[in-house]
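K.L.:
Quick note on numbering: the sequence shown equals residues 2 to 272 in my numbering.
Idealized CB from N, CA, C, for every residue including glycine.
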Amino acid sequence: MQQPPPWEIATPSRHSRLPGVAMAGFRARGAAELGVVPFPAVTLAIDLGDEPLTVAGGGWPVRGSAVLGLGAGGLRGGGRDVRCLQVRLSPVVAHAVLEGFAAAGGPLVGWDAVWGREAARWEERLRAAASWEERFALVAAELAARRAEGRRVDPEVAYVWGELVRSHGAARVAGLAAEVGWSRKRLWSRFRAQLGIAPKRAARLVRFDHAAHRLAAGGHPAAVAAEAGYADQSHLHREVAEFARVTPSAVAREPWLSVDEAAWSLPGYLR
2 MQQPPPWEIA
12 TPSRHSRLPG
22 VAMAGFRARG
32 AAELGVVPFP
42 AVTLAIDLGD
52 EPLTVAGGGW
62 PVRGSAVLGL
72 GAGGLRGGGR
82 DVRCLQVRLS
92 PVVAHAVLEG
102 FAAAGGPLVG
112 WDAVWGREAA
122 RWEERLRAAA
132 SWEERFALVA
142 AELAARRAEG
152 RRVDPEVAYV
162 WGELVRSHGA
172 ARVAGLAAEV
182 GWSRKRLWSR
192 FRAQLGIAPK
202 RAARLVRFDH
212 AAHRLAAGGH
222 PAAVAAEAGY
232 ADQSHLHREV
242 AEFARVTPSA
252 VAREPWLSVD
262 EAAWSLPGYL
272 R
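Next comes the structure, spelled out in C-alpha cells:
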C-alpha cells in the first residue's frame, strides 16, 4: 500500500465525541496537495495555518476555511505548512448545524458563506486554543448547541440514511420506504429536501466509498466490484469515474484514503 503523506494527525478523546460527527486535526510541513475523494458526509475544513488553505475544482477556488458538500468530488486541496481542523458531519447532523449551506449553493463554499461573521470569530478562538483537544472540545460544544436548536430530520429519513450506511449502500431503497411506512415518492421528496441528495444516489455514494477504501487497501478491482455488489468490474469503473472522475487504480493511489484509518476510525459516526 502507498505510504501516507507526512501528516501529523490528532484525534479527540472520548469526551469530545458526538453522534454523527467526527473530527481530526491535520498538520503538514512544507507543500501539501491532496485530491478530495467523494465521501458520504458534509466536511467542514477549518483553516488554522499561517498561509491560506486552498480548495479548488469545478469553479472558483475557496481560500481559507471551506464547507464541502455531501459526496463532493473533482476537488483538490493544498497549501504550505497546512494546519487544519476537519469536521465530518453526517447529513442528518449537517441539516441542523449548517442551515445556511444549501442557500450558499454548490458543493464547495467558504465557511463564512454558511456561518457569516461567526465563522471568523470561531477561527480566531480555535487558533488561540492551546491544544488540539481544546479545539475539539470547543467545536463539539458549539455543534451540540447548534444541533439542539437546529432543524430536525424526520426520524424516517434518519433511519433510512442509517440503514444505507450500515449496509454499505446495499439496502434496497424501496424496501426501506416500506419499512418506515412511506410511499416511494414521499421518501424521495423528504430525503432529498432534508439531506440534499436523492436516496438512490446516497446509496450509490455510500457503496462507492466502501469500494474506494477496499481499492486503497489493495483489493483487485474485480474482487472489490463483487464484494461491493456491483454487476461487474466495468460497473465499478463507471461509478468511480462518475463520482471521483478518475479510474479505480487512481483512486487506490489517492494519499488521502491512506490516512483514513488513523483519522476517522470511529465506528458508525456517519449515522
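Taking the alpha-carbon positions, what's the R254 to A57 distance?
P.N.:
Counting from one through the sequence shown, the residue named residue 254 turns up at place 253. Counting from one through the sequence shown, the residue named residue 57 turns up at place 56. C-alpha separation (whole angstroms): 20 Å.
K.L.:
In the DSSP assignment, find the beta strand (DSSP E) that holds L90 and state where it starts and stops.
P.N.:
Numbered from 1 along the sequence shown, position 89 holds the residue referred to as residue 90. Residues L76 to L90.
K.L.:
Please name the residue, chosen from P53, L165, F209 and H221, that lies closest to F192 on a Cα-to-Cα basis.
P.N.:
Translated into positions along the sequence shown, residue 192 becomes position 191. The residue with the shortest Cα to Cα distance from F192 is L165.
K.L.:
Identify every residue that forms a DSSP beta bridge with G60.
P.N.:
What you label residue 60 is simply residue 59 of the sequence shown in a count that begins at 1. According to DSSP, which records beta bridges pairwise, G60 is partnered with nothing at all.
K.L.:
Buried or exposed: W8, going by 16 or more other Cβ atoms within 10 Å of its Cβ?
P.N.:
Working through the sequence shown from its first residue, we reach residue 8 at position 7. W8 is buried by the Cβ-count criterion.
K.L.:
Please name the residue or residues paired with R28 in a DSSP beta bridge.
P.N.:
Numbered from 1 along the sequence shown, position 27 holds the residue referred to as residue 28. Its beta-bridge partners are E9 and R84.
K.L.:
Hey, how far is the Cα of W133 from the Cα of G197?
P.N.:
Start at 1 with the first residue of the sequence shown, and residue 133 comes out as number 132. Start at 1 with the first residue of the sequence shown, and residue 197 comes out as number 196. W133 and G197: Cα-Cα distance of roughly 31 Å.
K.L.:
Quick check on this structure: which residue in L188, G163, V247 and R152 has the alpha carbon closest to the alpha carbon of A42?
P.N.:
Your numbering for residue 42 matches position 41 in the sequence shown. It is G163 whose Cα lies nearest to the Cα of A42.
K.L.:
Between which two residues does the alpha helix (DSSP H) holding L144 run?
P.N.:
Here residue 144 corresponds to residue number 143 of the sequence shown, with the count starting at 1. First-last of the alpha helix (DSSP H) with L144: W133 to E150.
K.L.:
Could you tell me which whole alpha helix (DSSP H) segments of length 4 or greater appear in the segment 174–253?
P.N.:
Taking only runs of at least 4 residues, the alpha helix (DSSP H) segments lying wholly in the segment 174–253 are 174–181, 185–196, 200–217, 222–229, 234–245 and 249–253.
K.L.:
Please report how far the alpha carbon of Q4 lies from the alpha carbon of S250, in whole angstroms.
P.N.:
Your numbering for residue 4 matches position 3 in the sequence shown. Your numbering for residue 250 matches position 249 in the sequence shown. Model confidence at Q4 stands at a pLDDT of 44, short of 50, so the residue's coordinates are unreliable; what they give is reported in the following sentence. Near 16 Å, if we compare the C-alpha coordinates of S250 and Q4.
K.L.:
Just reading off the beta strand (DSSP E) that D48 is part of, what are its end residues?
P.N.:
For this step, residue 48 is matched to residue 47 along the sequence shown. Taken as a continuous stretch (DSSP letters only), the beta strand (DSSP E) holding D48 covers V43 to D48.
K.L.:
If contacts are defined as beta-carbon pairs under 8 Å, then S66 and A97 qualify, I think. What distance do you get, rounded to the angstrom?
P.N.:
The residue labelled residue 66 in the question sits at position 65 within the sequence shown. The residue labelled residue 97 in the question sits at position 96 within the sequence shown. About 19 Å separates the two Cβ atoms, so there is no contact after all.
K.L.:
Beta-carbon separation of P108 and G170 under 8 Å?
P.N.:
Residue 108 sits at position 107 when you count from the first residue of the sequence shown. Residue 170 sits at position 169 when you count from the first residue of the sequence shown. Contact flag unset, no.
K.L.:
On the criterion of 16 or more Cβ atoms from any shown chain inside 10 Å, does V252 qualify as buried, or is it exposed?
P.N.:
Numbered from 1 along the sequence shown, position 251 holds the residue referred to as residue 252. Buried is the call here.
K.L.:
Is the distance from the Cβ of V110 to the Cβ of V68 below 8 Å?
P.N.:
Looking up residue 110 in the sequence shown gives position 109. Looking up residue 68 in the sequence shown gives position 67. Yes. Within cutoff.
K.L.:
Would you list the one or two residues that DSSP bridges to W68?
P.N.:
Indexing the sequence shown from 1 puts residue 68 at position 67. Checking the sequence, you will find Val at residue 68 rather than Trp. Partner(s): L45 and V110.
K.L.:
Write down the C-beta distance between G80 and A33 rounded to the nearest angstrom, noting that I regard them as a contact closer than 8 Å.
P.N.:
Your numbering for residue 80 matches position 79 in the sequence shown. Your numbering for residue 33 matches position 32 in the sequence shown. At roughly 7 Å, the Cβ-Cβ gap stays under 8 Å, so G80 and A33 are in contact.
K.L.:
Just to confirm, is the Cβ distance from L127 to L86 under 8 Å?
P.N.:
As a first step, residue 127 must be located in the sequence shown, where it is residue number 126. As a first step, residue 86 must be located in the sequence shown, where it is residue number 85. In this structure, L86 lies closer than 8 Å to L127 by Cβ.
K.L.:
May I have the straight-line CA-CA distance separating E119 from R147, to the nearest angstrom?
P.N.:
Residue 119 sits at position 118 when you count from the first residue of the sequence shown. Residue 147 sits at position 146 when you count from the first residue of the sequence shown. Each residue's alpha carbon lies about 12 Å from the other.
K.L.:
Can you list, in chain order, the residues of its chain with a C-beta nearer than 7 Å to that of Y160? Leave out the 5 residues immediately preceding and following it.
P.N.:
Residue numbering aside, residue 160 sits at position 159 when the sequence shown is read from its first letter. So the qualifying residues of the chain are V181.
K.L.:
Where does E119 fall in DSSP's three states?
P.N.:
By one-based count along the sequence shown, residue 119 stands at place 118. Looking at E119 - three-state DSSP - the assignment turns out to be helix.
K.L.:
Would you give the residue range spanned by the alpha helix (DSSP H) that G163 belongs to?
P.N.:
Here residue 163 refers to the residue found at position 162 of the sequence shown. From DSSP, the alpha helix (DSSP H) with G163 extends over P156 to R167.
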